[in-house]
Amino acid sequence: RVLAQHFPALTTAKGQAYKANLSDLIAYSQHEQTLIIEYFWGRKSVYALVVNGEGAIFRRLCSSESVSRSASTLASTLANWDWILTDPAGAEAVFKETGSLLSDSLLKPIFGLNPPKRLLCIPDGVLGLLPLEALPIPGKPQNGGMGAFPYLIRQTEVRYAWSAAMLLAPKPSLPSPLHKAVLAMAPMAGKGFAGKANDMRQLPESQRELTALANHCAGQYLLGNSATKEVFLREAPSYSILHLALHGKLSGMESAFSSLSFGSDSGAVPLYAWEIERLQLPADMVVLSACETGTGAVARGEGVLSLGRSFISQGANSVVTTLWKVEDKAAAQLMDNFYAALAKGQGRGAALRQAKLDYLAQADDFTAHPAFWAGFVLMGDAGVMEFEEAGNEKWDWIWWAIGPIFAVGVWIWFRRRLTLSASSSSRKQYGGEI
2 RVLAQHFPAL TTAKGQAYKA NLSDLIAYSQ HEQTLIIEYF WGRKSVYALV
52 VNGEGAIFRR LCSSESVSRS ASTLASTLAN WDWILTDPAG AEAVFKETGS
102 LLSDSLLKPI FGLNPPKRLL CIPDGVLGLL PLEALPIPGK PQNGGMGAFP
152 YLIRQTEVRY AWSAAMLLAP KPSLPSPLHK AVLAMAPMAG KGFAGKANDM
202 RQLPESQREL TALANHCAGQ YLLGNSATKE VFLREAPSYS ILHLALHGKL
252 SGMESAFSSL SFGSDSGAVP LYAWEIERLQ LPADMVVLSA CETGTGAVAR
302 GEGVLSLGRS FISQGANSVV TTLWKVEDKA AAQLMDNFYA ALAKGQGRGA
352 ALRQAKLDYL AQADDFTAHP AFWAGFVLMG DAGVMEFEEA GNEKWDWIWW
402 AIGPIFAVGV WIWFRRRLTL SASSSSRKQY GGEI
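Counting in this note's numbering, the sequence shown runs from 2 upward without gaps.
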């Protein structure tokens, strides 16, 4: 009981005491109007549990060996910026070839040539490193460049979960955040970061990212060395949205030592995954606009053990995370699009899809490559989210500024009326006596 009090997600995330029930998964699919695909990586074959509102089927899809080769090749291609920048034609050719093989192996046997409107993927093995929305729609022609490529996202809203148990498990009972607003931090923004040349590089576009975000969401915005680890640990439980535009670093040895880098007067300060897992985070959404926050060690039956998963396990309803190192300008544009869609009342899944579609609508054949836009993925709840919009905050500040002036003006006007009224009465009374 003491452990559960201090580590509220322990029984659901660590001990996996909650066991997902197939009937509950079917009910969830029906409620969300979403097709659910849970992949299983066997020794010789890849299998899928396919769930919709009417029932479920379990089927073999393909050999593990062939998918492993294609998935590993595609994942490494999407993360290889040197190749994409120096040989875009070669990177495009490899993407199209491996993407088509994976689409035919993982998607076509499930829904044929008719993609669902909404898809929730629970990946296994190396599939946890891939964005399914970047795969081609089965059967669609692939003529032309990347700008006209038939990405699955053009027809389908895609989101993810680490496991059925984490998707369906009751959330830990935590106090609601004090602020329906955002805590946004960009420690590597421009000249405000004191990191050394051999430390973490600056992320100049992260300042633009937060500036764009401030047009949509009320909250606290911290740049450079004011975006410290201490501030995050103190303030994070009080906000419904956490947005971190910073560096993430994977530990090759142990996922608990993967980290996010915050600012300080002396340089970058890491916040480790094990420290996150000691927090209570009732946030409705966490956005990790950082490098490699969605990747990590692959555990059999558990998917990818990533930084994003640490936030979900501690109470967050959803996490937007990244599968590879993010290109700064594309990330800023995608996040601006994303929050604009959220402010219009779209759900998280629909808003992220719209952000990517808006990006693709303005991209050329080079920047339409999935390496630029497909790295952001949504884990967890895809629903509509309540938050205080920036416009409301601006008016609040205006009223706080002019309120006292207005009150003083009313008081002066009222006193003046009383004085004039008293003076008029005196004149009338004096004139009557004459």
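Where a beta carbon is used, it is the ideal one built from N, C-alpha and C, also for glycine.
In this text the structure is predicted, and so the values were computed from the model without any measurement.
Distance between Asn81 and Ala195 (C-alpha atoms, nearest Å): The residue labelled residue 195 in the question sits at position 194 within the sequence shown. The residue labelled residue 81 in the question sits at position 80 within the sequence shown. Because Ala195 sits at a pLDDT of 42, beneath the cut-off of 50, its placement in the model cannot be relied upon, and the point is left open.
Let me know the secondary structure DSSP gives Gln221 once reduced to three states. Reading the sequence shown from its first residue, position 220 is the one you call residue 221. DSSP places Gln221 in strand when its eight states are reduced to three.
Report the rounded CA-to-CA distance for Ser77 versus Ile27, giving the unit in angstroms. Position 76 of the sequence shown, counted from the first residue, corresponds to residue 77. Position 26 of the sequence shown, counted from the first residue, corresponds to residue 27. Their Cα atoms are separated by approximately 34 Å.
At what residue ranges does the segment 332-370 contain a whole run of the alpha helix (DSSP H), taking only runs of 4 or more? 349-363
Could you spell out where the beta strand (DSSP E) holding Gly381 opens and where it closes? The sequence position of residue 381 within the sequence shown is 380, counting from 1. Counting along the chain, the beta strand (DSSP E) containing Gly381 begins and ends at Phe377 to Gly381.
Check whether the segment 333-346 touches the segment 211-220, counting contact only when three or more Cβ pairs, one atom from each stretch, lie closer than 8 Å. yes
Using only the alpha-carbon positions, how far apart do Ala213 and Tyr40 sit? To locate residue 213, count along the sequence shown from 1; it is residue 212. To locate residue 40, count along the sequence shown from 1; it is residue 39. Rounded to the nearest angstrom, the two C-alpha atoms are 37 Å apart.
Tell me, to the nearest whole angstrom, how far the beta carbon of Ala246 is from that of Glu278; I am working on the premise that it is less than 8 Å. Within the sequence shown, the letter at position 245 stands for residue 246. Within the sequence shown, the letter at position 277 stands for residue 278. Not a contact, Cβ separation roughly 22 Å.
Please classify Tyr19: does DSSP put it in a helix, a strand, or coil? Taking the first residue of the sequence shown as position 1, residue 19 is located at position 18. Correct three-state label for Tyr19: coil.
Can you tell me whether Gly404 is buried or exposed, with buried defined as 16 or more other CB within 10 angstroms of its CB? On the sequence shown, position 403 is the one that residue 404 refers to. Unreliable positioning characterises Gly404 in this predicted model, as indicated by a pLDDT of 44, which lies under 50. The coordinate reading is nonetheless provided below. With fewer than 16 Cβ atoms within 10 Å of its Cβ, Gly404 is classed as exposed.
Note down the Cα distance separating Phe233 from Ser174, rounded to an integer number of angstroms. By one-based count along the sequence shown, residue 233 stands at place 232. By one-based count along the sequence shown, residue 174 stands at place 173. If I take the Cα positions, the gap works out to 21 Å.
Since Lys250 sits in a beta bridge, which residues does DSSP pair it with? The residue you call residue 250 lines up with position 249 of the sequence shown. The partner list for Lys250 (beta bridge, DSSP) reads Ser260.
Between the Cα of Ala375 and the Cα atoms of Ser256, Leu120, Leu131 and Leu184, which residue gives the shortest distance? For the purposes of this step, residue 375 is taken as residue 374 along the sequence shown, with counting starting at 1. Among Ser256, Leu120, Leu131 and Leu184, the Cα nearest to that of Ala375 belongs to Leu131.
Report the residue from Leu169, Val51, Thr74 and Lys45 whose alpha carbon sits nearest the alpha carbon of Ser65. Here residue 65 refers to the residue found at position 64 when the sequence shown is read from its first residue. Nearest C-alpha to Ser65: Lys45.
At what residues does the alpha helix (DSSP H) containing Gly91 begin and finish? Within the sequence shown, numbered from 1, the residue matching residue 91 stands at position 90. That run of the alpha helix (DSSP H) goes Pro89 to Leu107.
Return the residue from the list Leu243, Pro89 and Pro371 that minimises the CA-CA distance to Lys181. As a position in the sequence shown, residue 181 is number 180, starting the count at 1. The shortest C-alpha separation from Lys181 is found at Leu243.
Under 7 Å between the Cβ atoms of Ser319 and Asp382? As a first step, residue 319 is located in the sequence shown; it is residue number 318 there, counting from the start. As a first step, residue 382 is located in the sequence shown; it is residue number 381 there, counting from the start. Yes, the pair counts as a contact, with Cβ atoms nearer than the cut-off.
So what does Arg61 bridge to, in DSSP terms? Translated into the one-based positions of the sequence shown, residue 61 becomes position 60. Per DSSP, Tyr48.
Looking only at its chain, what residues have a beta carbon closer than 6 Å to the beta carbon of Gly432, apart from the 5 residues adjacent to it on each side? As a first step, residue 432 must be located in the sequence shown, where it is residue number 431. Caution applies to Gly432, whose pLDDT of 42 falls short of 50 and renders its modelled position unreliable; the value that the coordinates give is listed next. Nothing listed; no residue qualifies.
Buried or exposed: Ile38, going by 16 or more other Cβ atoms within 10 Å of its Cβ? The count along the sequence shown starts at 1 and reaches residue 38 at position 37. Looking at its Cβ environment, which holds 16 or more other Cβ atoms inside 10 Å, Ile38 is buried.
At the 7 Å Cβ level, is Ala274 part of the contact set with chain D, yes or no? Any reference to chain D falls outside this structure, which holds one protein chain only.
Taking the continuous alpha helix (DSSP H) assigned at Leu308, which residues delimit it? Taking the sequence shown and counting its residues from 1, the one referred to as residue 308 is at position 307. Unbroken alpha helix (DSSP H) run through Leu308: Leu308 to Ser314.
Is Ile154 buried or exposed, if buried means 16 or more other CB atoms sit within 10 Å of its CB? Position 153 of the sequence shown, counted from the first residue, corresponds to residue 154. Burial call: buried.
First and last residue of the alpha helix (DSSP H) that includes Glu276? Start at 1 with the first residue of the sequence shown, and residue 276 comes out as number 275. That run of the alpha helix (DSSP H) goes Ala274 to Ile277.
Ordered along the chain, which non-local residues of its own chain (more than five positions away) have a Cβ less than 6 Å from that of Gly100? As a first step, residue 100 is located in the sequence shown; it is residue number 99 there, counting from the start. Correct list, in chain order: Leu136 and Pro137.
For Phe59, is the classification buried or exposed, using 16 other Cβ atoms within 10 angstroms of its Cβ as the cut-off for buried? Reading the sequence shown from its first residue, position 58 is the one you call residue 59. When all chains shown are included, Phe59 counts as exposed.
Distance, Lys230 Cα to Phe112 Cα: By one-based count along the sequence shown, residue 112 stands at place 111. By one-based count along the sequence shown, residue 230 stands at place 229. Cα-Cα distance, rounded: 45 Å.
Same chain, Cβ closer than 7 Å to Gln208, neighbours up to 5 away in sequence not counted: Translated into the one-based positions of the sequence shown, residue 208 becomes position 207. For Gln208, where only same-chain residues beyond five positions count, the Cβ hits under 7 Å are Ala187, Ala190, Gly191 and Leu224.
Going straight from the alpha carbon of Phe258 to that of Lys250, what length do you get? Position 257 of the sequence shown, counted from the start, is the residue given in the question as residue 258. Position 249 of the sequence shown, counted from the start, is the residue given in the question as residue 250. Computed Cα separation, rounded: 9 Å.
Between which residues of its own chain and Leu114 is the CB-CB distance below 6 Å, once the five residues before and five after are set aside? For this step, residue 114 is matched to residue 113 along the sequence shown. Excluding residues within five positions, the ones whose Cβ falls inside 6 Å are Pro139 and Gly140.
Of the listed residues Asp359, Lys357, Ala344 and Gly350, nearest to Arg119 (C-alpha basis): Residue numbering aside, residue 119 sits at position 118 when the sequence shown is read from its first letter. Taking only the C-alpha atoms, the option nearest Arg119 is Gly350.
Quick one: what's got a C-beta closer than 7 Å to Ala21's C-beta in the same chain, skipping five residues either side? As a position in the sequence shown, residue 21 is number 20, starting the count at 1. Taken in chain order, the residues that qualify are Ala165, Ala166 and Leu169.
Reducing DSSP to helix, strand and coil, say where Asn53 ends up. In the sequence shown, the residue the question calls residue 53 occupies position 52. Reduced to three states, the DSSP call for Asn53 is strand.
In this structure, does DSSP put Glu231 in helix, strand or coil? Position 230 of the sequence shown holds residue 231. The answer is helix: DSSP assigns Glu231 an H, G or I state.
Taking Gly43 as the reference, give the member of Arg70, Thr87 and Asp125 with the closest Cα. Within the sequence shown, residue 43 is the residue found at index 42, counting from 1. For the residues Arg70, Thr87 and Asp125, the minimum Cα distance to Gly43 belongs to Asp125.
Among the candidates Met386, Trp84 and Leu379, whose CA atom is the shortest distance from the CA of Leu133? Your numbering for residue 133 matches position 132 in the sequence shown. When only C-alpha atoms are compared, the closest one is Leu379.
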